[in-house]
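Trainee: Counting from 1, position 62 in the sequence shown corresponds to residue 271 in this note's numbering; the numbering is continuous, with no gaps. Glycine included, every Cβ here is placed at the ideal spot set by N, Cα and C. Keep in mind that this is a model prediction, so the values were computed, not measured. Can you keep this structure in mind? I'll have questions shortly.
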Amino acid sequence: MPFVAGSIALAVAASPPARPPRLGDAALLRFARSRFDPFARTDRVRVLGVHRGTVVVVDYPCGDVCPAYTKRIVHYDVPPEACARVGGTIVNELVPRGPAVMARPYCEPTVIVGIKPRPSSPRR
């Protein structure tokens, strides 16, 4: 029986990670316009998919009173200096930092620039 258990462990370890889904403009717009529940977000950063060949991630930063001031930021997973190369637009997002906010540059897909999701109504 130990041989079978070892084979199963090897098979699981050797399986490749799942590929993120491809995202078209319409899917990206739909996600960017959708509401989100800041109380439901447990992962701070997650991969949304691949848009025009570049990985898109979603950040859920919050300040010192999480999740009350959680914000959702959809952006390409590239540094700001590579933004023009992938067809994005640099947007300085105000990110909660402790009791204050600070501007941080993100490379956002141009198709969603200016679209700001609203959190769902707060839970009581």
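What would DSSP say about arginine 231, mapped onto helix, strand or coil?
Mentor: Three-state DSSP puts arginine 231 in a strand.
Trainee: Return yes when the Cβ of isoleucine 321 is within less than 7 Å of the Cβ of alanine 241, no when it is not.
Mentor: The answer is yes: Cβ separation under 7 Å.
Trainee: Note the first and the last residue of the continuous alpha helix (DSSP H) segment covering cysteine 292.
Mentor: Unbroken alpha helix (DSSP H) run through cysteine 292: 292–295.
Trainee: Count the other C-beta atoms from every protein chain shown that fall within 10 angstroms of the C-beta of valine 166, then say buried if there are 16 or more, exposed otherwise.
Mentor: Limits of the chain in this structure are 210 at one end and 333 at the other, which puts residue 166 out of reach.
Trainee: Helix, strand or coil, according to DSSP, for phenylalanine 248 in the structure here?
Mentor: Three-state result, phenylalanine 248: coil.
Trainee: Report the partner residues of alanine 309 according to the DSSP bridge assignment.
Mentor: Partner(s): Arg306.
Trainee: Could you check where the beta strand (DSSP E) with tyrosine 278 kicks off and where it finishes?
Mentor: Tyrosine 278 -> no beta strand (DSSP E), and no H or E assigned at all.
Trainee: Residues bridged to threonine 298 by DSSP?
Mentor: Paired residue(s): Glu317.
Trainee: Can you give the Cα-Cα distance for alanine 244 and lysine 325, rounded to whole angstroms?
Mentor: In the sequence under discussion, the amino acid at residue 244 is arginine, which differs from the alanine named in the question. Spanning the two alpha carbons is a distance of roughly 9 Å.
Trainee: Is the number of C-beta pairs between the segment 264–272 and the segment 288–300 that are closer than 8 Å three or more?
Mentor: With the cut-off at 8 Å, the segment 264–272 and the segment 288–300 do not touch.
Trainee: Kindly indicate which residue of Gly307, Tyr285, Arg294 has the alpha-carbon position closest to the one of proline 276.
Mentor: For proline 276, the nearest C-alpha among the options comes from Gly307.
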